[in-house]
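Q: Can you keep this structure in mind? I'll have questions shortly.
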Amino acid sequence: MPVPYRVLAIDGGGIRGIIPAAVLADLERRIAPRALAELFDLIVGTSTGGILALALAVPDGGRPRHTAERLLGLYESEAQIIFPGGGPQTLTQRVFGTRDAGAWFRDPVEWLLRRSSQQQASRGARYPLEGLERVLEHYLGDVPLAEAVADVIVTSYDMAYREPVMFSSRERAGFVTDVSMLVAARATSAGPTYFEPQAISSAGRERVLIDGGVYVNNPSVLGYLLGNEAAGGDRPLVLVSLGTGTRPPRSAASAEELRTDDSMVLAQALLEAVARGGGAMGDALLAGLSDGERFRYWRIQTDVGTCSFAMDDSRPENVACLVARGRELTRERGDDLEAIAAAVAG
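Last residue of the sequence shown: 404 in the numbering used here, with the numbers rising by one and none dropped.
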């Protein structure tokens, strides 16, 4: 049988990207010494999944620069830089903008200046861009997207023209290629209410780009369509889809609890609804299409258990919890991961 066309798709989910990063690290150990970007023909990602997709394909002398294990370390070491003060907000955070209420009493003038600077930098978003961009610069640098060692596609959405935008490392009609990996990463991860949009000029248009998760948080169907087209009927298709964790079962919220005048809470709830509903439909569709021969499909997903479901909960205890949950998932799905390794490396 011909070598299959192999597609990797990675969901969005903010800090919960730890979960697919742990799965990727486990899968990479199974295929060593080869790297993931050398075995997958196409890697598709949204938001935090887009950052992972790009980082896996950063070139270094013709080979990938980063291992999946190192990218797992990105979340462990940089979470609080990307989402400073993330997680459930304390009273002092709401009032003073920091968990350290003593900052105001020690030097109120310095506190006011810093608070004003933070608000100006974030331009209404919850987090300033400085931390995210510093991390992306460190891991991606100023490498042109077209130089990626693998075929990579990440999603975004243009608020100016009200249309999806896709970044591709290979020339594709209607896709954006002539940007750096850093710009593509910023655009795919500009979650509404979390970070301000990414502005770019492309094909004569001034675009205002936000997180692709607003319309395709689980990019598996996109990976299937592009992979099926590339395979052209001559090669079987293998699709590996990695989730970022679902919210564990809980009691239903009351109508009163769902009433709110907080636009940020509403926006975040709507994003979750889009991500959960679209992802479930895509998974059901692909599972139905999989025949075990011409098309093989795996979805590696779990609930977050006792960890926080929040996209921005950067507290060290939550990061450690998500890492442990990701490691546990690799043990639970060990047989599937072994089958995936055989399918992509065989």
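C-beta atoms are modelled at their ideal positions from N, C-alpha and C, and glycine is treated no differently.
Remember, predicted model here, so these are calculated numbers, not experimental data.
Write down every uninterrupted run of the beta strand (DSSP E) in the segment 183-239 whose length is 3 residues or greater and which is fully enclosed by it, in chain order.
A: 209-216, 221-226
Q: Helix, strand or coil, according to DSSP, for G103 in the structure here?
A: strand
Q: Is it a yes or a no for the segment 123-133 touching the segment 236-248, going by three-plus beta-carbon pairs under 8 Å?
A: no
Q: At what residue ranges does the segment 247-294 contain a whole run of the alpha helix (DSSP H), taking only runs of 4 or more?
A: 271-274, 278-289
Q: Which first and last residues belong to the alpha helix (DSSP H) in which A368 is found?
A: Per DSSP, A368 belongs to no alpha helix (DSSP H) and is neither H nor E.
Q: Tell me whether the beta-carbon of M369 lies closer than 8 Å to the beta-carbon of G72.
A: yes
Q: Specify, as a first and last residue, the run of the alpha helix (DSSP H) that I76 falls within.
A: 76-89
Q: I need the straight-line Cα distance from V102 to E127, nearest angstrom please.
A: 19 Å
Q: When the Cα atoms are used, what is the spatial distance from T246 to V212?
A: 6 Å
Q: Going along the chain, which residues of its own chain have a beta-carbon closer than 6 Å to the beta-carbon of L300, five neighbours each way excluded?
A: I68, P78, V81, I358, listed in sequence order.
Q: Contact check, V207 vs P117 under 8 Å by CB: the rounded distance?
A: 5 Å
Q: One question on the structure: do L295 and P60 come within less than 8 Å of each other, judged by their Cβ atoms?
A: no
Q: Measure the beta-carbon distance from R265 to D216 and round it to whole angstroms, keeping in mind my assumption that it falls under 8 Å.
A: 5 Å
Q: Assuming L187 contacts L112 under a Cβ cut-off of 8 Å, what Cβ separation, rounded to an integer in Å, is found between them?
A: Actually they are not in contact, since the Cβ atoms of L187 and L112 sit about 17 Å apart, beyond 8 Å.
Q: Have a look at V241 and Q256 and give me their C-alpha separation to the nearest angstrom.
A: 8 Å
Q: If we ignore side chains and look at the alpha-carbon of each, how far apart do S174 and V377 end up?
A: Note that S174 has pLDDT 46, beneath the 50 cutoff, so the model's placement of it is unreliable and the number below is only indicative. S174 and V377 have their alpha carbons spaced roughly 29 Å apart.
Q: Could you tell me the alpha carbon to alpha carbon distance between Y185 and D200, rounded to whole angstroms?
A: 23 Å
Q: When you compare only the Cα positions, how much space is there between R230 and L114?
A: 21 Å
Q: For L130, decide whether its Cβ has a neighbour in chain B, counting only Cβ atoms nearer than 8 Å.
A: Absent from the structure is chain B; it holds one protein chain and no more.
Q: Grouping DSSP H, G and I as helix and E and B as strand, with all else coil, what is V241?
A: helix
Q: Within this structure, are the beta carbons of A93 and R64 separated by less than 8 Å?
A: no
Q: Just verifying my parser: in three-state terms, what is the DSSP assignment at T125?
A: DSSP places T125 in the coil class of the three-state scheme, outside both helix and strand.
Q: State the DSSP-derived secondary structure class of S135, mapped to helix, strand or coil.
A: helix
Q: Span of the alpha helix (DSSP H) holding A401?
A: For A401, the enclosing alpha helix (DSSP H) has its first and last residue at 392-403.
Q: Can you tell me whether DSSP reads D341 as helix, strand or coil?
A: helix
Q: I need the boundaries of the alpha helix (DSSP H) containing A95, first residue and last residue.
A: 94-97
Q: Take G145 as the anchor and find which of E396, I89, Y252, L129 has the nearest alpha-carbon.
A: Y252
Q: Let me make sure I understand the geometry here. Which of Q138, R88, A401, A90 has the alpha-carbon closest to that of R293?
A: A401
Q: Rounded to whole angstroms, what's the CA-CA distance from A403 to E96? Just pull it up for me.
A: Distance between the alpha carbons of A403 and E96 is about 10 Å.
Q: How long is the line joining the alpha carbons of F367 and V274, rounded to whole angstroms?
A: 19 Å
Q: Using a Cβ-Cβ cutoff of less than 6 Å, which residues in the same chain neighbour D74 once the five nearest sequence positions on both sides are dropped?
A: Here the sequence assigns Arg to residue 74, which means Asp is not the residue at that position. T302, G303.
Q: Is the beta carbon of S105 less than 8 Å from the beta carbon of G249?
A: yes
Q: Report the CB separation of I139 from V193 in whole angstroms; it is logged as a contact under 8 Å.
A: 6 Å
Q: Helix, strand or coil, according to DSSP, for A115 in the structure here?
A: coil
Q: At the level of alpha carbons, what is the spacing between I398 and A289?
A: 18 Å
Q: Can you check whether the CB of E254 is closer than 8 Å to the CB of A137?
A: In this structure, E254 does not lie closer than 8 Å to A137 by Cβ.
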